[in-house]
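Residue numbers (our numbering): 172 to 260. Where a beta carbon is used, it is the ideal one built from N, C-alpha and C, also for glycine. Here the structure is a predicted model, which is why all the values come from computation and not from measurement.
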Amino acid sequence: MTNSAEFTIVNRLGLHARAAAQFVQLANQFKSDVVVEKEGIEVNAKSIMGLLMLAAPKGTRILVKVAGEDAEQALSKIGELINDGFGED
């Protein structure tokens, strides 16, 4: 099963090191593959270096694609984390 959704980075500092670390930690809790796309560039969301390479400041639109047996749950939890501003603001 593959699910995807578009999100806007809402926290003031964007997808910086701490936020990326939270994203990776959450993504790694699921068996599904998680990919983040920004402006045509896709990275593995289970890699902090990949997420940081996206250089996604506040207001950036990203597409999160999740494929696997727990894709729906993974996408839901990742969406909550992003929409909550990674607990920062």
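Give me the DSSP bridge partner(s) of VAL214. Translated into positions along the sequence shown, residue 214 becomes position 43. Beta-bridge pairing links VAL214 to VAL207.
Mark LEU212 as exposed unless 16 or more other C-beta atoms lie within 10 angstroms of its C-beta, in which case mark it buried. By 1-based counting over the sequence shown, the position of residue 212 is 41. A quick correction: the sequence has Ile, not Leu, at residue 212. Looking at its Cβ environment, which holds fewer than 16 other Cβ atoms inside 10 Å, ILE212 is exposed.
If we ignore side chains and look at the alpha-carbon of each, how far apart do PHE201 and ALA245 end up? On the sequence shown, position 30 is the one that residue 201 refers to. On the sequence shown, position 74 is the one that residue 245 refers to. Roughly 6 angstroms between the two C-alpha positions.
Cα-Cα separation between ILE219 and GLU259, rounded to whole angstroms: As a position in the sequence shown, residue 219 is number 48, starting the count at 1. As a position in the sequence shown, residue 259 is number 88, starting the count at 1. Cα-Cα distance, rounded: 18 angstroms.
Less than 6 angstroms between C-beta atoms, sequence neighbours within five positions excluded: which residues of the same chain meet that for VAL237? Here residue 237 is taken as the residue at index 66 of the sequence shown, counted from 1. Counting only Cβ-Cβ distances below 6 angstroms, and skipping sequence neighbours, we find ASN174, SER203, VAL205, ALA245 and LEU246.
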